[in-house]
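Take a look at the structure below.
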Amino acid sequence: MELKDVDFGVLLKNLKEQLSIYEELLEIAKKKTDILVKNDIKHLEEITAIEQEMIVKLGKLEEERQEFIKDCSSHLNLNEDMVNSSYMINLFPEEIKKEMDEVTGKLRSTLQNLDEKNRLNESLIKSALEFINNSIELLVDAAKFRAGYGADGKLSEKEGMRIIDKKL
């Protein structure tokens with residue numbers, strides 16, 4: 000196989016599909032921020048299920064992309080480890096190169112924005128969990144009461160009715 004026989008359009012199509020899904024994931028991440036702020040568990044579950052489906056699709060697309068790179072490097076007698084997107088762009092015909100640059104640039108930007116939004120959402124989730132744990136501790140502490148003096152003359156505490164048996 001020679002360079003002229005490689006269908007770089009396959010790789011471009013794959014990356015466009017990945018970009019589209021990542022852009023959708025970014026929009027979902029933005030919605031998730033609002034959902035987390037509103038503490039809307041029902042919608043959080045729904046949106047998480049949608050995210051999981053999209054991540055599975057991305058996994059399949061990434062496998063296809065890696066297979067293309069592997070096949071291309073093998074047929075062109077290139078070391079697979081050396082063949083990355085920057086290297087591949089140099090092999091592209093001129094009519095595809097510009098579009099490929101645009102797609103990879105948008106992909107990088109979208110991934111960076113998605114990472115930032117996911118970090119914010121992670122922080123919101125951690126804050127919510129800390130609040131829940133503190134609330135549980137307050138409830139457990141409130142269930143204890145002073146029973147009076149023990150035989151040694153010190154105040155003793157007894158547990159009252161337990162509201163929650165285990166801390167998550």
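For what it's worth, numbering that gives the first Met the number 0 labels the leading residue of the sequence shown as 0, then goes sequentially. Think of the CB as a built atom: it goes at the ideal place given N, C-alpha and C, for glycine as much as any other residue. The structure displayed is predicted, hence computed values, not measured ones.
Neighbourhood of Gly8 by C-beta distance below 8 Å, restricted to the same chain and skipping five residues each side:
Ile95
Candidates Leu77, Ile46 and Asn112, of which the one nearest Tyr21 by Cα:
Asn112
Which of helix, strand or coil DSSP assigns to Leu128:
DSSP places Leu128 in helix when its eight states are reduced to three.
Going by beta-carbon coordinates alone, are His42 and Ile34 separated by less than 8 Å?
yes
Tell me the rounded alpha-carbon separation between Ile88 and Glu129.
47 Å
The segment 55-71 touching the segment 10-26, judged by at least three CB pairs closer than 8 Å
yes
State the Cα-Cα distance for the pair Leu123 and Asp39, rounded to the nearest angstrom.
13 Å
I need the DSSP call for Asp6, collapsed to helix, strand or coil.
coil
Can you tell me which of the three DSSP states Phe67 falls into?
helix
Quick one: what's got a C-beta closer than 7 Å to Leu11's C-beta in the same chain, skipping five residues either side?
Ile95, Glu98, Met99 and Val102
Would the beta-carbon of Lys31 fall within 8 Å of that of Asn120?
yes
In chain order, each alpha helix (DSSP H) run of at least 4 residues that lies wholly inside the segment 47-106:
List check, alpha helix (DSSP H) in window: 84-90.
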